[in-house]
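First comes the structure, then the notes that go with it.
Number of protein chains: 2
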Amino acid sequence: MTTPLTDLARRLPGLRLLTDAGDLEHYGRDWTRRWTPAPLAIALPATIEEVQDIMRWANERHVAIVPSGGRTGLSGGAVAANGELVLSLARMNRVLGFDAVDRTLTVQPGIALEAVHTAAREHGLIYPVDFASRGSCSIGGNIATNAGGIRVIRYGNTREWIAGLKVVAGNGELLELNRGLVKNSSGYDFRHLLIGSEGTLGIVVEATLKLTNPPPSSQVMLLALPDLDALTQVFAAFRAKLSLQAFEFFTDVALKHVLANGAQRAIDGEHPYYVVTEFDAVDEASQERALEVFGHCVEKGWVSDGVVAQSEAQAAALWRLREGITESLVPYKPYKNDVSLRIGEVPAFLRVMPARLAQEYPQLEVVWYGHIGDGNLHINVLKPADMADADFIAQCERATKLLAATLKEHGGSISAEHGIGLVKRPYLESTRSVAEIALMRGVRKVFDPNGILNPGKVFVDA
Amino acid sequence: MTTPLTDLARRLPGLRLLTDAGDLEHYGRDWTRRWTPAPLAIALPATIEEVQDIMRWANERHVAIVPSGGRTGLSGGAVAANGELVLSLARMNRVLGFDAVDRTLTVQPGIALEAVHTAAREHGLIYPVDFASRGSCSIGGNIATNAGGIRVIRYGNTREWIAGLKVVAGNGELLELNRGLVKNSSGYDFRHLLIGSEGTLGIVVEATLKLTNPPPSSQVMLLALPDLDALTQVFAAFRAKLSLQAFEFFTDVALKHVLANGAQRAIDGEHPYYVVTEFDAVDEASQERALEVFGHCVEKGWVSDGVVAQSEAQAAALWRLREGITESLVPYKPYKNDVSLRIGEVPAFLRVMPARLAQEYPQLEVVWYGHIGDGNLHINVLKPADMADADFIAQCERATKLLAATLKEHGGSISAEHGIGLVKRPYLESTRSVAEIALMRGVRKVFDPNGILNPGKVFVDA
Numbered sequence: 000m001t002t003p004l005t006d007l008a009r010r011l012p013g014l015r016l017l018t019d020a021g022d023l024e025h026y027g028r029d030w031t032r033r034w035t036p037a038p039l040a041i042a043l044p045a046t047i048e049e050v051q052d053i054m055r056w057a058n059e060r061h062v063a064i065v066p067s068g069g070r071t072g073l074s075g076g077a078v079a080a081n082g083e084l085v086l087s088l089a090r091m092n093r094v095l096g097f098d099a100v101d102r103t104l105t106v107q108p109g110i111a112l113e114a115v116h117t118a119a120r121e122h123g124l125i126y127p128v129d130f131a132s133r134g135s136c137s138i139g140g141n142i143a144t145n146a147g148g149i150r151v152i153r154y155g156n157t158r159e160w161i162a163g164l165k166v167v168a169g170n171g172e173l174l175e176l177n178r179g180l181v182k183n184s185s186g187y188d189f190r191h192l193l194i195g196s197e198g199t200l201g202i203v204v205e206a207t208l209k210l211t212n213p214p215p216s217s218q219v220m221l222l223a224l225p226d227l228d229a230l231t232q233v234f235a236a237f238r239a240k241l242s243l244q245a246f247e248f249f250t251d252v253a254l255k256h257v258l259a260n261g262a263q264r265a266i267d268g269e270h271p272y273y274v275v276t277e278f279d280a281v282d283e284a285s286q287e288r289a290l291e292v293f294g295h296c297v298e299k300g301w302v303s304d305g306v307v308a309q310s311e312a313q314a315a316a317l318w319r320l321r322e323g324i325t326e327s328l329v330p331y332k333p334y335k336n337d338v339s340l341r342i343g344e345v346p347a348f349l350r351v352m353p354a355r356l357a358q359e360y361p362q363l364e365v366v367w368y369g370h371i372g373d374g375n376l377h378i379n380v381l382k383p384a385d386m387a388d389a390d391f392i393a394q395c396e397r398a399t400k401l402l403a404a405t406l407k408e409h410g411g412s413i414s415a416e417h418g419i420g421l422v423k424r425p426y427l428e429s430t431r432s433v434a435e436i437a438l439m440r441g442v443r444k445v446f447d448p449n450g451i452l453n454p455g456k457v458f459v460d461a
Numbered sequence: 000m001t002t003p004l005t006d007l008a009r010r011l012p013g014l015r016l017l018t019d020a021g022d023l024e025h026y027g028r029d030w031t032r033r034w035t036p037a038p039l040a041i042a043l044p045a046t047i048e049e050v051q052d053i054m055r056w057a058n059e060r061h062v063a064i065v066p067s068g069g070r071t072g073l074s075g076g077a078v079a080a081n082g083e084l085v086l087s088l089a090r091m092n093r094v095l096g097f098d099a100v101d102r103t104l105t106v107q108p109g110i111a112l113e114a115v116h117t118a119a120r121e122h123g124l125i126y127p128v129d130f131a132s133r134g135s136c137s138i139g140g141n142i143a144t145n146a147g148g149i150r151v152i153r154y155g156n157t158r159e160w161i162a163g164l165k166v167v168a169g170n171g172e173l174l175e176l177n178r179g180l181v182k183n184s185s186g187y188d189f190r191h192l193l194i195g196s197e198g199t200l201g202i203v204v205e206a207t208l209k210l211t212n213p214p215p216s217s218q219v220m221l222l223a224l225p226d227l228d229a230l231t232q233v234f235a236a237f238r239a240k241l242s243l244q245a246f247e248f249f250t251d252v253a254l255k256h257v258l259a260n261g262a263q264r265a266i267d268g269e270h271p272y273y274v275v276t277e278f279d280a281v282d283e284a285s286q287e288r289a290l291e292v293f294g295h296c297v298e299k300g301w302v303s304d305g306v307v308a309q310s311e312a313q314a315a316a317l318w319r320l321r322e323g324i325t326e327s328l329v330p331y332k333p334y335k336n337d338v339s340l341r342i343g344e345v346p347a348f349l350r351v352m353p354a355r356l357a358q359e360y361p362q363l364e365v366v367w368y369g370h371i372g373d374g375n376l377h378i379n380v381l382k383p384a385d386m387a388d389a390d391f392i393a394q395c396e397r398a399t400k401l402l403a404a405t406l407k408e409h410g411g412s413i414s415a416e417h418g419i420g421l422v423k424r425p426y427l428e429s430t431r432s433v434a435e436i437a438l439m440r441g442v443r444k445v446f447d448p449n450g451i452l453n454p455g456k457v458f459v460d461a
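In the order they appear, the protein sequences are chains A and B. 0 is the number of the first residue of the first sequence in numbering that gives the first Met the number 0; add one for each residue after it. 0 is the number of the first residue of the second sequence in numbering that gives the first Met the number 0; add one for each residue after it.
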């Protein structure tokens with residue numbers, strides 16, 4: 000009797016298969032680094048047909064498949080720790096076509112986000128979804144988690160930019176979902192069901208992305224805020240009068256770290272909260288309007304101090320105060336959480352959550368920042384130098400339980416943009432009801448009757 | 000043994016139930032007027048609990064339910080012709096709340112679209128989805144069909160404006176989908192699955208709608224085009240330079256009807272195609288840019304003539320040439336089709352389809368117009384005065400087969416924004432594959448195991 004892997008190699012003699020220990024480790028994990036990689040092998044198909052053939056083999060031989068992109072995920076969605084076959088889309092990474100009238104770019108799933116940006120710019124357009132891992136993450140992975148990032152307030156999540164998807168479902172069928180149409184009211188929109196399903200329903204093998212005109216010239220402002228209520232007041236005032244491209248928040252604790260890491264202080268004095276905002280500034284009128292809104296917020300006592308960037312260099316320096324936070328925390332091996340709330344609910348949540356954490360886990364320093372204009376908070380818990388890794392993870396997981404319970408009280412979500420994967424799976428019920436999770440299991444069973452695709456991610460099959 | 004209806008009345012003594020012949024006829028049909036209404040009764044619940052109780056009763060007694068909004072649909076999605084209980088949301092029509100920070104309006108499903116517009120304006124904001132049936136259609140029905148309309152090119156379909164949905168699923172469970180969050184990557188996004196599912200998965204009992212700032216001031220232009228290729232050339236040129244609010248198309252045949260119905264001619268001479276476009280014109284610079292694009296198109300030979308509205312009255316007069324078409328065709332009892340293609344594919348499709356129809360059905364006059372910026376064409380077939388109704392419908396249905404086959408060749412959709420309902424059901428396979436339809440049946444079975452909700456709409460249960 001042949002092993003499943005020998006069988007696969009025999010059926011698909013042209014398929015690139017890797018089984019070296021180094022490859023198994025490399026392709027078996029993502030950025031979470033919490034699970035020990037243990038895949039059966041790595042398959043690197045070059046065509047849609049090969050992906051389908053692998054899925055047919057997997058269904059016949061009951062081998063689990065982990066679809067794999069850039070593996071920059073932070074939720075363990077692409078981890079293969081249980082003898083799964085990793086199906087890496089890394090070789091399917093080309094631009095397939097550009098349509099000037101429809102303004103769409105058709106790509107293979109393994110292409111890096113940055114290469115999509117480059118291809119769009121070559122046609123004088125932009126693909127507006129963007130975040131720090133752009134050089135390594137793949138568009139297929141972006142689609143699998145409905146990735147967000149820093150411009151969501153203006154452009155929405157990945158979901159908004161998908162005109163069509165080719166997907167190999169768990170049952171091996173190739174689905175051509177929506178085929179680039181703007182309007183299509185012909186039955187259930189499975190494109191949207193697939194987006195954000197973290198590889199548990201199907202494998203994206205081709206995507207048609209919408210592009211758009213580049214944004215107009217913009218202005219960057221840094222604001223210091225005296226208290227939490229000011230956060231939503233300032234946001235509402237700015238959004239009412241300006242066309243926002245970003246509205247980001249961080250605390251004095253986050254500022255401390257980023258300054259220690261070499262960023263330049265831009266506002267003097269002690270302030271508990273900061274906002275970096277960027278907005279359209281096409282002419283003097285819009286610049287004046289921005290100063291008016293700023294003046295109004297100062298007058299109301301919502302803003303204690305502020306700086307408007309006067310040059311591109313200064314704009315970059317202000318942005319560094321926000322964008323440099325992640326890097327400044329790396330030495331502390333942070334445990335990351337990524338949660339969301341309705342925007343208006345953020346102050347109420349921030350009034351209770353940090354205090355609860357401080358009380359229960361006084362040893363842990365917690366750094367808060369995020370995309371406040373989307374109600375999205377990133378929470379980084381720093382490992383004390385004298386605490387063992389396992390001890391730290393255990394404390395953080397207990398802290399996440401507290402976080403999940405508090406989020407539930409405030410109607411929030413345990414995952415804003417990182418996905419559920421393995422990391423958040425124990426907390427899914429804080430965000431989705433038992434009835435919804437039962438429906439998820441049922442829907443998965445329809446697309447993937449044998450439970451082949453990414454089993455154990457998001458939820459455990461019944 | 001009690002009848003199911005007696006049983007319902009006994010279980011829910013407070014439920015408003017209508018059984019008069021006039022009510023059965025009124026609530027049993029939509030704007031299609033093709034099926035003879037024959038519902039069991041009409042239930043008008045006032046609360047979510049009553050909707051859930053009705054669904055539990057329906058599951059126990061195996062009574063089919065037709066969810067019912069404003070019944071302005073054009074695809075028979077709200078028709079009750081087989082002894083179903085019509086569950087009308089007409090009494091659940093209130094605004095429940097407004098959130099100034101999140102800029103959301105929470106409403107009951109039976110509220111008319113126009114009332115949503117009014118409520119948004121009271122807060123200085125807009126709900127940007129709009130179409131002619133605004134006074135009668137309900138937001139629940141808009142969600143069920145992912146309704147589009149005239150501003151999709153700027154604002155997208157209904158889907159883009161739904162921050163949260165409360166839904167009673169076919170199995171009776173109350174689902175709270177997404178709860179107003181901007182970012183929420185925590186498992187399958189059933190909100191998007193429900194949108195456009197035409198009442199076959201669940202009943203929307205509450206919706207949280209996103210609002211936005213009103214658009215800037217705009218300019219309206221009418222263009223005459225010499226040929227089909229010009230259509231996409233002009234569109235691409237305008238979209239590259241201007242921020243479009245609308246880009247609508249109609250033919251000389253459509254113009255003939257609307258002029259005969261009292262509209263004023265705005266461009267002299269004979270031209271085969273016309274475009275009405277509206278775009279942001281905030282200042283002189285953007286007005287100049289518009290004239291430059293216009294000049295460029297004339298120079299290229301893509302535009303034969305054009306008019307820029309110089310006043311609001313003239314803008315309205317130009318718009319009437321497009322918006323007055325539907326009304327001008329009413330006397331001809333038109334058979335309506337509503338299809339879509341990728342925008343760039345529209346000219347190729349229009350080169351073959353009208354000719355095919357003219358060849359096969361020389362007696363039928365066909366009027367073409369639509370939202371060309373969305374690849375959406377409305378097709379109105381006019382009934383010859385001397386043709387019997389049944390004969391006309393039969394010819395039109397055969398013509399729709401030809402239409403569906405041609406759409407399939409061009410990668411189009413048999414329903415752009417009206418939905419599938421009963422009218423388009425025979426043609427669903429021209430747009431969706433057999434594998435996709437099988438998945439739809441499976442997903443419906445998960446949400447509605449007994450097949451209670453709107454059976455026979457979109458597809459027939461297995």
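Ideal Cβ positions, reconstructed from N, Cα and C, are used throughout, including at glycine.
Cβ-based burial, residue i [other Cβ within 10 Å; buried from 16]
i: Leu7(B); result: buried
i: Leu290(A); result: exposed
i: Pro12(A); result: exposed
i: Asp251(B); result: exposed
i: Gln358(A); result: exposed
i: Thr157(B); result: buried
Beta strand (DSSP E) segment containing residue i, residue limits
i: Met464(A); result: Chain A is shown from 0 up to 461; residue 464(A) falls before or after that span and cannot be answered.
i: Trp367(A); result: 364-370
i: Met220(B); result: 217-224
i: Thr482(B); result: In the structure as shown, chain B starts at 0 and stops at 461, and residue 482(B) therefore has no counterpart that could be examined.
i: Leu381(B); result: 375-381
i: Gln244(A); result: 243-250
Any chain B beta carbon closer than 8 Å to residue i
i: Phe249(A); result: no
i: His377(A); result: no
i: Thr231(A); result: yes
i: Ala235(A); result: yes
i: Ser339(A); result: yes
i: Thr144(A); result: yes
i: Ser216(A); result: no
i: Phe446(A); result: yes
i: Val302(A); result: no
i: His295(A); result: no
Coil, strand or helix - residue i by DSSP
i: Ala37(A); result: coil
i: Lys335(B); result: strand
i: Phe130(B); result: coil
i: Ala146(A); result: coil
Short CB-CB distance (under 8 Å) between residue i and chain A
i: His409(B); result: no
i: Asp460(B); result: no
i: Thr399(B); result: no
Chain E residues whose Cβ lies nearer than 7 Å to that of residue i
i: Ile419(A); result: Absent here is chain E; the protein component of the structure consists of chains A and B.
Residue interval of the alpha helix (DSSP H) (run including residue i)
i: Tyr26(B); result: 20-26
i: Pro346(A); result: 345-359
i: Phe446(A); result: 433-446
Just by C-beta distance, which residues in the segment 113-134 of chain A are closer than 8 Å to chain B? So the close ones are Gly123.
If contact means a Cβ-Cβ distance below 7 Å, which residues of the segment 360-376 of chain B contact chain A? Asp373, Gly374, Asn375
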